[in-house]
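Quick note on numbering: the sequence shown equals residues 4 to 764 in the numbering used here.
For every residue, glycine included, the Cβ atom is placed at its ideal position computed from N, Cα and C.
To keep things clear, I will list the structure first and then write my remarks on it.
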Amino acid sequence: MNKLKALFLSVAVAFSISMTAQPKADLKMDQFVRTLMGKMTLDEKIGQLHLPVAADVVTGQANSSETAKFIRQGRVGGILNIKTAAKIHTIQKVAVEESRLKIPLMFGLDVIHGYQTMFPIPLALSCSWDLKLIEQSARIAAQEASADGQCWTFSPMVDISRDPRWGRVSEGSGEDPYLGSLIAKAMINGYQGDDLKKNNTIMACVKHFALYGAVEAGREYNTTDMSRLRMYNEYFAPYKAAVEAGAGSVMTSFNEVDGIPASGNKWLMTDVLRKQWGFGGFIVTDYTAIPEMSEHGLGDLQQVSKIALQAGVDMDMVGEGFLTTLKKSLKEGLVTQSQIDMACRRVLEAKYKLGLFDDPFRYCDEERAKNELFTTENRMAARNTATQAIVLLKNSNQILPLKRRGTIALVGPLADNKENMTGTWSVAADYPKSVSLLTGMREAVGTSATILMAKGTNVVNDTALNSRISIFGKPTYYDNRTQSEMVAEAVAIAKKSDVVIAALGEAAEMSGECASRSDINLPENQKELLKALLATGKPVVVVLFNGRPLSLSWENANATAIVESWFLGSEAGNAIADVLFGKVNPSGKLTMTFPQNIGQIPLYYNHKNTGRPLVKGWFEKFHSNFLDVSNEPLYPFGYGLGYSLFSYGDLKLSATTAKGNQIISASIAVTNAGQFDGDETVQLYLHDLAASVTRPVKELKGFQKIALKAGETKEVSFKLSVDDLKFYNSDLKYDWESGDFEIMVGGNSRDLKSVKINWVK
Ligand code: BGC
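Here it is as structure tokens:
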């Protein structure tokens, strides 16, 4: 190669690096994509930016469908929501055999918490505080999905969420940016592995960028408005962590950010994501988010498509804005050829990274699909993970673990409902294959105890609401008997039993997308059932199924025990039985605060102080509190019981004054003072006592999940550095400031041992 040519190539590559901020320049990829794009027509380039939904693409019809026609014309970049290796093979064949340039398609699906083997919903997974298990769940999901044709997942969802009315809190990791960032990284590693080209890894898509978790009133798709300081300090961290972990793609969110819908927000997509964070992958919109910008009030389809492209969006999910308007906009000088080229390049690079140009059928091995889905091994992993996601909220008189003897009444609308066990976003699951609580308990007790079962009530008695929550093939089995008839039947079996298990809560589709609730109490009819069961005087263990924090003050005051089971996936019933009967000592800890009532929302542990905090405790006139409820949550962030009792010694620091880059260690003795071996998640929080901008009253900065035998004591030690003190100041500069800090360690965000340290530059 002559010198001039070499120089040209290196400048060209450097240019593409700075524009796409690739971590490492891949000369071969660059050359490949450049050559390919040199052959592409404008229509073909725009075609790569189009991501239609499967809809009319099914095997057999593939050749005659409208989408197939577009594929043949080279006007489709990928397809979402099509399942099975066989179907995907058929469609891919059309692309690589019948289109002019034979460019393979990408196939994406919402593989959110498992593929066929379902793991706990993400909110539940996060309650395990076990990054290895979380990574493993994503790894298994990737293995199964890739065996069945998928190469791209719309996960992880890393939106920080503080409002349990929002149904999508179920899809994320709760309210904490630090934990959320670590989980984001674990999920990306799990999906993408160490090499995206392997046939058992898939590309991750971090979503929803950005701030979707802060929609007003928790109402789905609603407006978000927040200060930049809050964005940077509280909401951005998990997205940034996912980018740093190498996520191949990012999805825009539906909400507006600073008055501009995310899909058209150049500051967000280009300045923050690409320039500040160095994101080098491609950006896809959420489903029809481009045309939705017209509803937001930004103009007609041509105008909003132009805005999206110029903001830095590369692929248009279902919206057809790019497909139908970009050519015209180019002619009219509204967009440039290089803007279209850049988006096309990024999509092609993603395909290259996935190895699709080497082998477009890499992910369509029907043999693998036959052998690698829903295996015994994967189900065992799902069961083990599910046991770790369960959070024990209350356990009076140590009623749990239960003995495997006598008579147990199992009551409630979710006691024998296998279809709802997987929770929201389980698009590839075969629902009836999940294990219900009844099946799990029967399996656990065998013939050593008798289990009596009654439904007791419906999930909801309102038939209109019932039809809204029993979609997607997850029936609630609405019972037409009267409430009193059903309750009477349940009470009758309760009376004959030694203990009652009440399986209550939400149907799977009462959380997830477009499942906001204005009332997060248990439905009134379920409360009535619970009251009747408690009136029998028998101990009542409430086993909850839900995808969000609920308002449980009454239940907490009255039920004997409460087990938060969320939606645990394919092995839910077995996992819950493992915990109920003591095969597993529960160790999950909440990652979202449970309020005492709905009026306290949003309620989160890492809030700011006011100028008038409580001094003596609730109620204080002219201080920041409510007349009718204290400021305390019902269950704080990080809270969760076990069958053991953990006690904490004094917190010791290696020094109480520090300078500059010193490393300080914080240690504490933790003792298992109970009768059972168990795991405890020891949490470290920090409070910056005086700074140039107000700082939260506490922020999680570290945690360790340790195993302790009954009676055992372990010294747990954390290392602290100035990195733990850093925050974004009002110039959005990430730095730390000299001063006093409070370090706190304990088993949840409320019950903490604390010491102060002075740390100066
Ligand atoms: C959701 C996304 C999802 C997409 C594709 C949208 O409605 O907001 O989270 O990935 O659909 O199914």
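The Cβ atoms of Lys354 and Met109 lie closer than 9 Å to each other. Where His690 is concerned, the enclosing beta strand (DSSP E) starts and stops at Gly681 to Asp691. In this structure Gln401 is exposed. Its beta-carbon is surrounded by fewer than 16 other beta-carbon atoms within 10 angstroms. For Ala672, the pairing in a beta bridge is given by DSSP as Glu718.
A straight-line Cα-Cα distance of about 25 Å links Phe212 and Val696. Three or more Cβ pairs drawn from the stretch 298-308 and the stretch 251-271 lie within less than 8 Å of each other, which places the two stretches in contact.
Relative to the ligand BGC, Leu83 has its C-beta within less than 8 Å of a heavy atom. Within the same chain, Cβ atoms closer than 8 Å to the Cβ of Leu326 are found at Ile49, Gly50, Leu52, His53, Arg78 and Asp319, the five residues on either side in sequence being excluded. Every residue with a CB closer than 5 Å to a heavy atom of the ligand BGC is listed here in chain order: Asp113, Phe157, Asp289 and Tyr290. Each of Ser230, Gly117, Gly643 and Asp162 was checked against the Cα of Asn732, and the nearest Cα belongs to Ser230. The shortest C-alpha to C-alpha distance from Asn577 to any of Phe640, Lys592, Ala127 and Met424 is the one to Met424.
At a Cβ-Cβ threshold of 9 Å, Asp151 and Ile82 do not count as neighbours. Proximity of the stretch 373-390 to the stretch 408-415 falls short of the contact definition, fewer than three beta-carbon pairs being nearer than 8 Å. Contact check for Ile205 and Ala145: beta-carbon distance about 5 Å, within the 8 Å limit, so the pair qualifies. Comparing alpha carbon positions, the residue from Ser439, Phe475, Glu323 and Thr539 closest to Val287 is Glu323. In this structure, Ser720 is the residue among Ile666, Thr684 and Ser720 with its C-alpha nearest to the C-alpha of Ala672. Within the stretch 238-272, the runs of beta strand (DSSP E) at least 3 residues long that lie entirely inside it are, in chain order, 252-255.
Per the C-alpha coordinates, the member of Asn524, Val209 and Ala495 positioned closest to Leu507 is Asn524. Going by DSSP, His299 is part of the alpha helix (DSSP H) stretching over Ala292 to His299. Contact between the stretch 357-366 and the stretch 153-162 is present: three or more C-beta pairs spanning the two stretches fall below 8 Å. With 16 or more other Cβ atoms inside 10 Å of its own Cβ, Gln529 counts as buried. For Val502, the secondary structure class from DSSP, reduced to helix, strand or coil, is strand. It is roughly 15 Å from the alpha-carbon of Glu683 to the alpha-carbon of Arg753. Listed in chain order, the non-local C-beta contacts of Glu178 below 8 Å within the same chain comprise Ile163, Ser164, Arg165, Thr594, Met595, Thr596, Tyr607, Tyr608, Asn609 and Phe640, local neighbours out to five positions each way being set aside.
When the five nearest sequence neighbours on each side are left out, the beta carbons in the same chain lying within less than 6 Å of the beta carbon of Phe122 are those of His116, Ser140, Ala385, Thr388 and Gly572, in order along the chain. The residue from Met444, Asp317 and Leu276 with its alpha-carbon nearest to that of Gly585 is Met444. With respect to the 9 Å criterion, Gln686 and Glu635 are not classified as neighbours on the basis of their beta carbons. Leaving aside the five residues that flank Leu440 on each side, the residues in its chain whose CB is nearer than 6 Å to its CB run, in chain order, Ala418, Ala506, Gly576 and Ile579.
Using a Cβ distance threshold of 9 Å, Ala207 and Ser252 count as a contacting pair. Glu298 is classed as exposed because its beta carbon has fewer than 16 other beta carbons within 10 Å across all chains shown. For Ala495, the secondary structure class from DSSP, reduced to helix, strand or coil, is helix. In the structure shown, Lys736 falls within a coil segment according to DSSP collapsed to helix, strand and coil.
Looking only at Gln665, Leu654 and Arg349, the smallest Cα-Cα distance to Met747 is reached by Leu654. Taking one beta carbon from each stretch, the stretch 534-541 and the stretch 479-495 have 3 or more pairs nearer than 8 Å; the two touch. Going by DSSP, Asp743 is part of no alpha helix (DSSP H) but of the beta strand (DSSP E) stretching over Gly742 to Gly749. Contact between Val394 and Cys130 holds: their C-beta atoms lie close to 5 Å from each other, under 8 Å.
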